[in-house]
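Below: one structure, written as structure tokens.
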Amino acid sequence: MSRPDDTQDYTPGESIEWSEKYRPKTLARIAGNNKPVSDLCAWAKAWKHGMPDKKAVILYGKPGIGKTTAAYALAHDFNWEVIELNASDQRTAAAIQKVAGSASRTAALCGGIRLIVLDEADNIHGNADRGGAQALAKIIKDTSQPILLTANDLYGVSPSIKNLCLPIAFRSMQSRSLIPVLNKICQNEEISCDIDVLQKIAETAHGDVRSAINDLQAVAQGKSKLHVEDVVTSSRDPRDTIFDALKKIFKGKDIKEALNATYNIDETPDDLIQWIDENLPAQYRGADMARGFAMLSRADLFLGRVQLRQNYRMWRYAGAIMSSGVAAAKSREYPGARFMPPSRWRRLRSTRTSRQIRDAVSEKIGLMCYVSQKYARLNVLPFIRILFSNSDYAVPLAARMNLDLDEIAYITGSKKGTKKVKTIHQEAREMAESETSEHIETFGRLGAYREGSEEVAGAVRAEVHMQPQKPRKEPKKEEKEEKKEKKPQTTLFDF
Amino acid sequence: MTATGRRTLKNITDNIFTYSRCGGFSIKQEIWIEKYRPKRLADVVGQDNAIGRLISYVHTRNLPHLMFTGPPGVGKTASAVSIARELFGDTWHSNFTELNASDERGIDVVRHKIKNFARTSPVGDAEFKIIFLDEADALTGDAQSALRRTMERYTRTCRFILSCNYSSRIIEPIQSRCAVYRFGPITDEAVVKRVRYIADCEHLDITDDGIDAVKYVARGDMRKAINALQAAAMLGTAIDRDAIYQITATARPEEIGKLILSAYNGDFAESRKKLDDLLTRQGLSGEDVVGQIYRAIFDVEEIPDRKKVDLIDKIGEMDFRITEGANERIQLDALLAWFVLSGGTYND
């Protein structure tokens with residue numbers, strides 16, 4: 000048995016997943032991500048001197064880069080007790096309340112601190128976990144214990160939760176910093192291997208530590224020596240095979256081969272057509288290109304039929320037309336251009352944040368004006384934008400809709416950090432606070448009444464039900480006023 | 000032969016099940032895809048790379064979570080079951096469970112069924128259990144994300160093997176937890192080898208063109224190949240090409256080729272006669288014929304590539320119309336007329 004160091008010992012050949020076995024137990028042992036880890040540490044240290052400003056942190060980033068690991072390592076380092084609530088458990092309001100609610104208010108038995116870990120906060124599911132998000136926001140507000148959330152996508156987290164948390168970004172790992180990690184495991188498992196084997200595994204993992212370790216275990220287990228040829232697990236990134244198929248389609252002469260190449264890729268026809276669509280204009284010119292797109296259009300029609308009728312047999316025609324059809328569309332050879340991944344995906348990814356903000360804003364407007372999210376976006380949002388140019392309207396509206404900085408920035412079209420956005424946000428918060436304190440007594444009584452008459456689940460439901468009432472009751476009056484006030488503004492459209 | 004007298008694969012497999020339900024029959028009535036399902040990993044054919052690695056997991060008595068991707072009938076389930084058999088021996092039944100995700104695809108199945116199996120300790124001296132999640136790509140997004148933590152949390156007592164047709168339908172966090180193996184279509188040689196082996200064991204006398212026919216029918220799907228063989232064996236131990244084609248409701252590839260060519264060369268009457276023969280005398284369905292025309296057209300050398308693709312488009316159109324409830328005779332006639340038009344040798 001070898002001992003890499005004194006904090007953690009491993010037995011080679013033990014029957015357990017390596018990604019679990021080599022999960023770092025302390026923050027110091029987490030590879031890469033130094034900045035977020037030290038941020039996390041700083042937040043935890045603040046708990047020694049009473050409650051910090053943000054009682055919850057949210058660790059976000061791609062899968063397999065150490066978020067959950069960091070959570071447990073943190074608890075280990077600070078000697079905190081851990082209470083975990085993950086997506087494999089039900090996370091309805093009642094369930095969250097039951098597990099995390101009491102834990103968050105009372106200290107641990109020995110007087111220590113308890114860390115409440117809630118994995119996959121971007122996956123509190125609409126229907127199955129009804130009310131979960133609201134309950135969680137309430138718990139974070141009331142807690143006397145630290146809460147740690149993890150998420151793949153910060154913008155998948157409900158804004159009401161996000162605003163209460165300190166966000167800490169975890170980054171994917173460079174393959175060169177992954178290699179030492181893999182190398183250490185190999186030494187420990189008594190496996191000798193060349194650096195290029197580890198290189199290959201590290202590159203296929205695309206920054207995902209866990210999948211790199213899994214792949215290493217998959218190829219290395221039970222061996223004492225590793226060669227490059229042993230790395231046979233499939234890449235999670237299907238690029239190699241798709242490039243091969245694209246080559247057969249755009250460069251090849253045999254339409255049957257073009258079709259057969261599509262059988263060998265691990266990609267649905269829906270995705271493949273995006274790849275062909277992206278590369279077609281760069282590969283063909285003139286009439287050939289037009290013919291190619293005519294083919295894609297037909298193929299797409301069959302994809303539509305699959306979608307519409309769940310008739311998966313239509314895939315074969317879509318696949319044949321998009322591959323063989325595009326292959327046969329060319330009348331001459333073209334110089335090789337590099338194949339590119341669909342730019343539409345890249346664009347969607349880069350605009351995802353702003354789309355999510357847009358949707359959040361539309362939802363809030365919809366709630367306020369009793370219209371659908373779509374109607375709010377198309378018809379009310381442009382109008383709200385005009386109102387926001389006047390801070391007399393902007394502040395009360397921002398207060399009523401509880402807009403955050405991002406959302407105000409989106410509506411005004413200014414940058415998040417500008418003074419204008421900050422001022423509206425600040426004044427709106429002050430306004431909201433003064434209003435809440437006026438009504439707090441009324442609502443307090445209402446809550447107590449319901450809690451007394453129904454069981455806990457019922458109380459939570461009542462609470463959830465109550466939430467929209469809060470803005471509703473008050474705004475209604477103001478809305479009328481506002482409509483009156485809006486009149487001179489609407490003439491803008493009459494010009 | 001009338002429609003009711005058709006000896007199609009489905010009728011016959013139904014019969015097999017009826018017989019075996021009656022009880023008291025010997026093992027001969029066993030369905031062959033089960034009887035010849037590989038018992039050991041070494042028997043899984045046509046996936047040498049993946050199988051080599053899987054065998055080494057068994058030797059070390061440990062495995063990571065696995066994900067098998069690939070088309071149907073290429074050995075995904077067979078591999079999973081073989082791993083369990085080899086790892087657990089007699090207790091494999093208690094330590095292995097199979098869930099078909101397309102039957103139960105919601106989040107509840109993860110939160111209850113899977114979790115309950117995962118958290119109880121393994122039976123006997125096994126160190127962990129295996130959950131085989133077939134057609135995992137049918138799980139809803141919610142269910143998949145609920146599965147993530149379960150996979151990690153119970154890793155001491157349980158390993159997951161997921162199978163799916165396309166890995167792109169499995170969310171990234173799950174792929175990150177698995178070693179991914181792609182199972183390609185089985186090569187014709189591997190299919191032939193296995194079919195010959197089974198034919199020997201069952202004392203069948205199968206001709207070479209019979210083997211070719213099985214290969215044609217199977218298209219890289221071992222399950223289809225074995226089913227076709229067993230169905231044909233119900234007719235008698237001597238098996239030739241015709242027996243296979245008849246039993247699987249498949250027209251001979253040459254017949255379809257002739258049908259296409261005569262239409263393309265402008266002889267509509269002749270091709271329509273051939274079509275009639277397939278539909279009425281041989282009892283094929285319109286969908287069967289459309290499917291075979293689609294397969295055959297790639298190999299008709301007389302038709303230039305662009306026309307082929309246009310015709311494939313038409314074939315797809317007719318196929319769609321037939322499944323939408325249109326009359327298959329009329330659609331197929333119209334399809335043949337398209338072939339005539341495409342060939343260009345007709346008199347106005």
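Here the protein sequences line up with chains A and B, keeping their order.
Counting along the first sequence from 1, when you hit position 151 you're at 150 in numbering that gives the first Met the number 0, and nothing is skipped either side.
Counting along the second sequence from 1, when you hit position 268 you're at 267 in numbering that gives the first Met the number 0, and nothing is skipped either side.
Ideal Cβ placement from N, Cα and C applies to all residues, glycine included.
Remember, predicted model here, so these are calculated numbers, not experimental data.
8 Å Cβ cutoff, residue i in contact with chain B
{"i": "A/Gln216", "result": "yes"}
{"i": "A/Phe301", "result": "yes"}
{"i": "A/Lys247", "result": "no"}
{"i": "A/Ile184", "result": "no"}
{"i": "A/Gln282", "result": "no"}
{"i": "A/Met294", "result": "yes"}
{"i": "A/Asp270", "result": "yes"}
{"i": "A/Gln220", "result": "yes"}
Proximal residues of chain A, C-beta to C-beta of residue i below 9 Å
{"i": "B/Lys223", "result": "Those within 9 Å of B/Lys223 in chain A number zero; the least Cβ separation is about 16 Å."}
{"i": "B/Arg193", "result": "Under the 9 Å cutoff, chain A gives no residues; its nearest Cβ is about 20 Å from B/Arg193."}
Rounded separation between residue i and residue j - CA only
{"i": "B/Gln143", "j": "A/Gln273", "result": "25 Å"}
{"i": "B/Ile243", "j": "A/Thr352", "result": "58 Å"}
{"i": "B/Ala224", "j": "B/Lys214", "result": "7 Å"}
{"i": "B/Gly72", "j": "B/Glu134", "result": "13 Å"}
{"i": "A/Ser176", "j": "A/Leu380", "result": "47 Å"}
{"i": "A/Ile15", "j": "B/Thr59", "result": "11 Å"}
{"i": "A/Ala120", "j": "A/Ala168", "result": "14 Å"}
{"i": "A/Thr261", "j": "A/Pro268", "result": "8 Å"}
{"i": "B/Asp141", "j": "A/Glu432", "result": "36 Å"}
{"i": "B/Tyr35", "j": "A/Val56", "result": "55 Å"}
{"i": "A/Gln220", "j": "B/Tyr56", "result": "7 Å"}
Per-residue contacts from residue i into chain B (C-beta, under 8 Å)
{"i": "A/Ala327", "result": "Asp304, Arg305, Lys307, Val308"}
{"i": "A/Gln262", "result": "Correcting the residue identity first, residue 262 of chain A is Tyr in this sequence and not Gln. Under the 8 Å cutoff, chain B gives Pro70, Pro184."}
{"i": "A/Gly251", "result": "Within chain B, no residue comes near A/Gly251; the closest Cβ sits about 11 Å away, beyond 8 Å."}
Chain B residues whose Cβ lies nearer than 7 Å to that of residue i
{"i": "A/Glu16", "result": "Pro63, Thr154"}
{"i": "A/Asp207", "result": "Ser175"}
{"i": "A/Lys255", "result": "Phe297"}
Residue i: contacting residues in chain A (beta-carbon distance under 8 Å)
{"i": "B/Tyr165", "result": "Asp265, Glu266, Thr267"}
{"i": "B/Ile311", "result": "Tyr316, Ala319, Ile320, Ser323, Gly324"}
Distance cut-off 7 Å: residue i Cβ against heavy atoms of the ligand GDP
{"i": "B/Val194", "result": "With respect to the ligand GDP, the structure shown offers nothing to examine, as it has no ligands at all."}
Cβ-based burial, residue i [other Cβ within 10 Å; buried from 16]
{"i": "B/Arg158", "result": "buried"}
{"i": "A/Leu377", "result": "exposed"}
{"i": "B/Ser25", "result": "The predicted model places B/Ser25 with a pLDDT of 43, which falls under 50 and marks its position as unreliable; any figure quoted below should be read in that light. It counts as exposed."}
{"i": "A/Arg22", "result": "buried"}
{"i": "B/Ile50", "result": "buried"}
{"i": "A/Gly206", "result": "buried"}
{"i": "A/Glu454", "result": "The predicted position of A/Glu454 is uncertain, since its pLDDT is 47 and thus under 50; no value can be drawn from it."}
Secondary structure of residue i, DSSP reduced to three states
{"i": "B/Met317", "result": "helix"}
{"i": "B/Ala145", "result": "helix"}
{"i": "A/Thr149", "result": "strand"}
{"i": "B/Cys177", "result": "coil"}
{"i": "B/Asn99", "result": "strand"}
{"i": "B/Ala237", "result": "strand"}
{"i": "A/Phe382", "result": "helix"}
{"i": "B/Ser162", "result": "strand"}
{"i": "A/Val227", "result": "helix"}
{"i": "A/Val81", "result": "strand"}
{"i": "A/Ile64", "result": "coil"}
{"i": "A/Arg113", "result": "strand"}
Any C-beta of chain A under 8 Å from that of residue i
{"i": "B/Ile259", "result": "no"}
{"i": "B/Phe297", "result": "yes"}
{"i": "B/Tyr35", "result": "no"}
{"i": "B/Ser162", "result": "no"}
{"i": "B/Gly315", "result": "yes"}
{"i": "B/Phe350", "result": "No statement about residue 350 of chain B is possible, as the shown extent of chain B runs from 0 to 347 and does not include it."}
{"i": "B/His58", "result": "yes"}
Contacts of residue i in chain A (Cβ-Cβ under 7 Å)
{"i": "B/Cys177", "result": "Asn213"}
{"i": "B/Glu171", "result": "Pro62"}
{"i": "B/Phe319", "result": "Arg304, Met313"}
{"i": "B/Tyr215", "result": "Per Cβ cutoff of 7 Å: no residues; B/Tyr215 is ~15 Å from chain A at best."}
Cβ of residue i within 8 Å of any chain D Cβ
{"i": "B/Ser55", "result": "Absent from the structure: chain D. Protein chains present are A and B."}
Contacts of residue i in chain B (Cβ-Cβ under 9 Å)
{"i": "A/Glu19", "result": "Glu151, Thr154, Arg155"}
{"i": "A/Ser176", "result": "By Cβ distance, chain B contributes nothing, its closest Cβ being about 17 Å from A/Ser176, past 9 Å."}
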